[in-house]
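Following my numbering, the numbering of the sequence shown begins with 52 at its first residue and continues without gaps.
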Amino acid sequence: MRLAVHRGSPGAERRRAVFDRTILTEREYRDDRHLAARQALYAYQEPRHDLPGLAAAQLRGVPGPVVDVGCGNGVYGARLRAERPEVAVLSLDLSPGMLAPAAGRAAVADAQALPLADGSCGAVLAMHMLYHVPDIPRAIRELRRVLAPGGVALVSTNGARDKAEIAEVWRRAAGEGRPSFSGRFTLEEAPALLRAAFAEVRVIELTGTITVREPGPVVAHMASYESWADGRGGDAGEVLRRGERLVREEIDTKGAFEVTSRCGIFVCSG
């Protein structure tokens, strides 16, 4: 395995790579392996936040159907089906490989052109995915278009400084090659974009501290970005070994490696 090498203007190339359709569907999200590795890091977080449970709670009493746009490995749809079996849930994702774990009704679809009629959905979800869309305002307008009167849209993303400690390990291990998803749609910038389409937008902010006492979970998280990481730092194995050494040094010195987590769920309507 080698880290992807981006030539030309590195910053611009990395930004484009985050929403490159080929990278998304054929490499990073060909299956749910990389996403699962990133999700696994939160097992070490305090306080723990049950995002699928929080999403389901916000939709209590909201009629279906519910559409999970950019469903990933289907954790939100699975929770909704378990808690609200009477509600139809449709899972959509750009990558066919990500639909395999998504039980129930599922289809390949682009968030910028949803294959749904106007006002046909009681609720729509776009959880930690809008930063992968080339035209984010267009995708937000699509969420609003398909939402029925009185419906709810849930949108989540990370803060600009989310997991800054891992970003610093990347910088020291591989130069300026650490990919940033949510830099295109941060917790801080999202409200203005969402309010352009929705009359009411409120946020549920979720913060926590991830504490690991051995480097493995952080290294696995770093490795999950292989499709986007800039290869100027060298071979992937060597970059990850440098990162592991840096994390281990901090654990040896402080007893643990701590990572600050900051994300939020936007509840949109109107």
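Cβ coordinates follow ideal geometry from the N, Cα and C atoms, glycine included.
Asked, Found
"A163 versus R195: straight-line alpha-carbon distance, rounded", "Per the sequence presented here, residue 163 reads as Gln, with Ala not at that position. So the two alpha carbons sit approximately 12 Å from each other."
"Where the alpha helix (DSSP H) through M273 begins and ends", "G267 to A274"
"Every unbroken alpha helix (DSSP H) within the stretch 195-271, with a cutoff of 4 residues, ordered by chain", "215-225 and 241-246"
"Straight-line Cα distance separating M178 from N124", "12 Å"
"Neighbour-count burial assignment, M52, 16 or more Cβ in a 10 Å radius", "Low local confidence applies: a pLDDT of 40 at M52 is under 50, so the model's placement there is unreliable, with the coordinate-based value given in what follows. Per the 10 Å Cβ criterion, exposed."
"Through-space distance from D101 to E309, alpha-carbon basis", "20 Å"
"Neighbourhood of A151 by C-beta distance below 8 Å, restricted to the same chain and skipping five residues each side", "D82 and D83"
"Residue span of the alpha helix (DSSP H) that contains T304, given as start and end", "A287 to K305"
"P134 - containing beta strand (DSSP E), residue span", "A small fix is needed here, since residue 134 is Glu in this sequence, not Pro. It is not in any beta strand (DSSP E) - E134 instead sits in the alpha helix (DSSP H) that spans V126 to E134."
"Nearest-angstrom beta carbon gap, P116 and G155 [assumed within contact, 8 Å]", "The Cβ separation is near 11 Å, so there is no contact."
"Of the listed residues L143, P114, W221 and H272, nearest to L198 (C-alpha basis)", "P114"
"The stretch 290-308 / the stretch 254-266 touching (three or more Cβ pairs under 8 Å)", "yes"
"Minimum C-alpha distance to S207 - residue among A250, L238 and R292", "L238"
"Own chain, CB closer than 8 Å to G148, minus 5 neighbours either side, in chain order", "T76, Y80, R81, D82 and D83"
"DSSP three-state assignment for D71, whether helix, strand or coil", "coil"
"Alpha carbon of D213 to alpha carbon of C314, nearest angstrom", "7 Å"
"8 Å contact criterion, which V203 and Q109 should meet: CB distance rounded", "7 Å"
"Rounded C-alpha distance that separates R283 from I302", "Reliability fails at R283, whose pLDDT of 46 lies under 50, so the model's placement of it is uncertain and the value that follows must be treated cautiously. Between R283 and I302, the C-alpha separation is close to 27 Å."
"Per DSSP, cross-strand counterpart(s) of R156", "L141"
"Per-residue DSSP class, three states only, for E277", "coil"
"Nearest to G210 (by Cα), restricted to the options M273, E277, V159 and T258", "T258"
"7 Å Cβ cutoff met for S312 and Q96", "yes"
"For R313: DSSP bridge partner residues", "T258"
"DSSP-derived helix/strand/coil call for A177", "strand"
"N-terminal and C-terminal residue of the alpha helix (DSSP H) that L105 is part of", "L102 to Q109"
"Separation of A87 from V270, as counted between CA atoms", "14 Å"
"Cβ-based neighbour list, R72, same chain, cut-off 8 Å, excluding 5 preceding and 5 following", "L145"
"Test item: CB-CB of R253 and V318 under 7 Å", "yes"
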